[in-house]
Amino acid sequence: MSTADTAPEKERSAPDTMSSGGRRAGDSVFSVLSIGSGLLIFVTLAAVAIFLTTESIPAITASREFSGTAEFSLVEYTLPLVFGTVLASAIALLIAIPVSVGIALFISHFAPRRMASGLGYMIDLLAAVPSVVYGLWGGVWLVPKLEPLYVFLNTYFGWIPLFAGEPTAPMRNLASASVVLAVMVLPIITAVSREVFLQTPRLQEEAALALGATRWETIRTVVLPFGRGGVVAASMLGLGRALGETMAVLMILAPGATFSLHILEVGRHNSIAANIASKSAEASGVDMSLLIFTGLVLFVLTFVINAIARWIVARSGPKS
Amino acid sequence: MSTPTDTSASTSNDMRPTGSSSSSSAHRPRDERRLPWYHLLLTGLAGLLVAVAVLAIADALSVASAILLGFVLHLLFGWGYSLVREGPRWAKDRLMTLLVIGAFAISMFPLLSLLWSVVARGMTRVLAAKPTTLAFWTTDMSGIIGGADAGGVSHAIVGTLLITLWASLISIPVGLFTAIFLVEYADQGWKRTLGRGVTFLVDVMTGIPSIVAGLFGLALFITFMPDQSVRMGIMGAVALSLLMIPTVVRNSEEMLRLVPMDLREAAYALGVPKWLTIVKVVLRTAIAGLTTGITLAIARVIGETAPLLLTVGMVTSVNWNMFDGRMATLPTFINQQYRNGNANCMSDTVTNPVNQEVYACSISTNIDRAWAAAFTLIVIVMILNIIARLISHYFSPKLSR
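Residue numbers (the numbering used here), protein chains in the order written: chain A, 715 to 1034; chain B, 4 to 404.
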């Protein structure tokens, strides 16, 4: 309150006309600054779209699809990358979603109240680790550790297409990259799901318990139906993060460009982001333009995913 | 939920006097007869023992495999034991409890192993650096070739701090003013519409992949620069601020909305102009939350690698100039050293061509440097996180709670 008192004191000492002029000047400067910042956000995003588009035009016009002469094809170049990106992210989500929902339930409903916030902080720590450190850890430490598991899966479950093929050490394959991606999206999905689970109406939970439901029955009949939309939205957010993640894939995956489903085989896949990161240093001219085009594709892909996530949140929001 | 019917079938352990009466009261004792929690420990121990025994016979005994198999067996044992003693509904409850705890344990595993690797391998290298302790933080990589067991990250620390500083200089004013616009100005008419749009675009920006931010920084500069291979610090700062602005806006907006309307109205009632109310009342009330949010935003972008990979390149010595020449940063340094892989050691020593110093040769020197740089980066991130926590703990507004 004292801050509010001192301000008019200063104003009062000045002549009235001066003070109102000063006020208006200050107000208009401030309002211009804040509206300008808001507009700057518009301009920035427009600039992102415009620069990515204009810079990728040389590749589009030079491609086989449009000029009919050049050797490279936009579709043939981009599609395997899109496939690798989506496959890696999908597998990462398959691993991360059940674990995250489990963690979120553990923190919101199973762990003792006093421990809950501390445990939540531990999970948030996972999000604070820089992605390049995940890449280093995955590449140096995790990949050799996963080898026995891959050999086991390949030997006994090789009849499933995913685990088929011939994995060779070092296991710099899509599966390893997906495992690290899963660890990286885990805290995101957990954080959102936890918040949603905590918002479950207390009375409904207590009603279920009062009817004699066990804790799991309460969760299955009350908490999970209530939180379904939130979990789906959280997963979409995680998917957006996994699609755009560069370092984990760049540092772990041995690149290739096929549509192979054999995630244990080395040198079969690559992701858009990792491809850009590994090639941009030497690229120039049309090559650079081609990389920027794939970046545009990634931008659109993540934009669509995030838009769907927001739509789900908005749709499931008022119902709660 | 078909369990109430099958409780009447197993009357063998009905010891309550009510057990013999009507069927509706017959199943109540069963539901209430929960076993104490340490029975879970007992079944867990049994699972672990069986796992160790099985693995020892199969000659594949290791700590990781024992814990993994032990947990799976514990799921079976715990469920089976509970099924016999407590009935199917509680058995399912037990099973799910175990699974949920297992999910949490599984997530702790990468965190602990990652932190352990970074500390064990990174801190050792930082402390054991030659010629003196902590020389890793004060020397750069000029003249370090092959497997020379020397070199440091002073150039990368300078680069990381400078680029993050510039990114903050761009992002914090823009982000803060955008948040002020959303909270204080976007209340009616066209401003309201604009505010809706800005909120949507900030959401979109939050989802921009970091590599796309890097591409934007690159595309922006190579469009206007004659030299296509231009790389400099400010490009990285621009790319990073693209990632930082949405975080600053989000965090600040949340904090500004927490400031009670009464305070603003009191200031207006006293005749304080709007901008002065914002500066002296709103911002001052929310200052702790704002600082925390901004610190966390800085901590988020300081570890970003992909945009810097595209925009600032790599050098071996300190570069203080943001507008000329390439810069080294900690994340890109980690990536570069990691990709160098194991070094070749033709002889036991390596001579520095610049100052003729002689170093020992180590095959793992590149990877060691990567771990040490990762340790340095994590230390910086953790310090920022701790600062954020301390600020929010000690300076949080007294009126909100």
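No residue lacks a Cβ here, since even glycine has one placed at the ideal position from N, Cα and C. These numbers were taken from a predicted model, which means no experiment stands behind them.
Within 8 Å (strictly less), CB to CB, does G958(A) reach chain B?
yes
What residues in the segment 218 to 231 of chain B have a beta carbon less than 8 Å from any beta carbon of chain A?
L218, F219, L221, A222, L223, I225, T226 and Q231
Run the CB neighbour count on P812(A), radius 10 Å, all protein chains shown included, and call it buried at 16 or more, exposed below.
exposed
Chain B beta carbons: is any one of them nearer than 8 Å to that of S745(A)?
yes
Using a cut-off of 7 Å between C-beta atoms, extract the partners of V897(A) located in chain B.
P113
Please report the straight-line C-alpha distance between A962(A) and Q191(B), rounded to a whole angstrom.
45 Å
Classification of N358(B) by the beta-carbon crowding that lies within 10 angstroms, buried from 16 upward:
exposed
Contacts that F866(A) makes with chain B (C-beta to C-beta distance below 9 Å)
Result: empty, since nearest Cβ-Cβ is about 10 Å, beyond 9 Å.
Counting only beta-carbon atoms, is Y188(B) nearer than 8 Å to chain A?
yes
Could you name the residues of chain A that W93(B) contacts, counting a contact when the two beta carbons are closer than 8 Å?
T928
Exposed unless 16 or more other CB atoms sit within 10 angstroms - verdict on I903(A)
buried
Is the beta carbon of V1000(A) less than 8 Å from the beta carbon of A773(A)?
yes
In the DSSP assignment, what are the bridge partners of V980(A)?
N887(A)
DSSP on A63(B), reduced to helix/strand/coil?
coil
Assign Y864(A) to one of two classes, buried (16 or more other C-beta atoms within 10 Å of its C-beta) or exposed (fewer than that).
buried
Chain-ordered chain A contacts of D371(B) [CB-CB under 8 Å]
Simply none; closest approach about 11 Å.
Relative to chain A, which residues along the segment 329 to 358 of chain B have a C-beta separation below 7 Å, given in chain order?
P334, I337, N338 and Y341
Going by other Cβ atoms of all chains shown within 10 Å of its Cβ, with 16 needed for buried, is F866(A) buried or exposed?
exposed
Which residues of chain B have a Cβ atom closer than 8 Å to the Cβ of I805(A), listed in chain order?
Result: empty, since nearest Cβ-Cβ is about 16 Å, beyond 8 Å.
Counting contacts by CB-CB distance shorter than 8 Å, is P884(A) in contact with chain B?
no
Under a three-way DSSP split, which group does A346(B) fall into?
coil
With a threshold of 16 other CB atoms inside 10 Å of the CB of G213(B), please say whether the residue is buried or exposed.
Residue identity differs from the one stated: residue 213(B) is Ser in this sequence, not Gly. Classification of S213(B): buried, given that the 10 Å Cβ count is 16 or more.
Cβ pair E959(A), N887(A) closer than 8 Å
no
Whole-angstrom distance between C364(B) and D351(B), CA atom to CA atom
5 Å
Quick check: the segment 237 to 247 of chain B against the segment 169 to 181 of chain B, are at least 3 beta-carbon pairs closer than 8 Å?
yes
Check whether the Cβ atoms of T46(B) and F80(B) lie closer than 8 Å to each other.
yes
The beta strand (DSSP E) with A375(B) in it runs from where to where?
Here A375(B) belongs to no beta strand (DSSP E); instead the alpha helix (DSSP H) covers T368 to Y397.
On the criterion of 16 or more Cβ atoms from any shown chain inside 10 Å, does E35(B) qualify as buried, or is it exposed?
Below a pLDDT of 50, predicted positions are generally treated as unreliable, and E35(B), at 49, falls in that range; the measurement from the model is reported next regardless. It is exposed - the Cβ of E35(B) has fewer than 16 other Cβ atoms within 10 Å.
Sort out for me which residues DSSP pairs T352(B) with in a bridge.
A363(B)
At least one CB of chain B closer than 8 Å to the CB of S892(A): is that the case?
no
Positions along the segment 745 to 772 of chain A whose CB lies within less than 8 Å of some CB in chain B:
S745, L747, S748, I749, G750, S751, G752, L753, L754, I755, F756, T758, L759, A761, V762, F765, L766, T768 and E769
Unbroken alpha helix (DSSP H) run spanning T202(B), endpoints
G192 to T209
Going along the chain, which residues of its own chain have a beta-carbon closer than 6 Å to the beta-carbon of G239(B), five neighbours each way excluded?
I166, L311, T314 and V315
Does the beta carbon of F180(B) sit closer than 8 Å to a beta carbon anywhere in chain A?
yes
Which residues of chain B have a Cβ atom closer than 7 Å to the Cβ of I1006(A), listed in chain order?
L218 and A222
Residues in the same chain with beta-carbon distance under 6 Å from A991(A), minus the five sequence neighbours each way, listed in chain order, please.
T960 and L964
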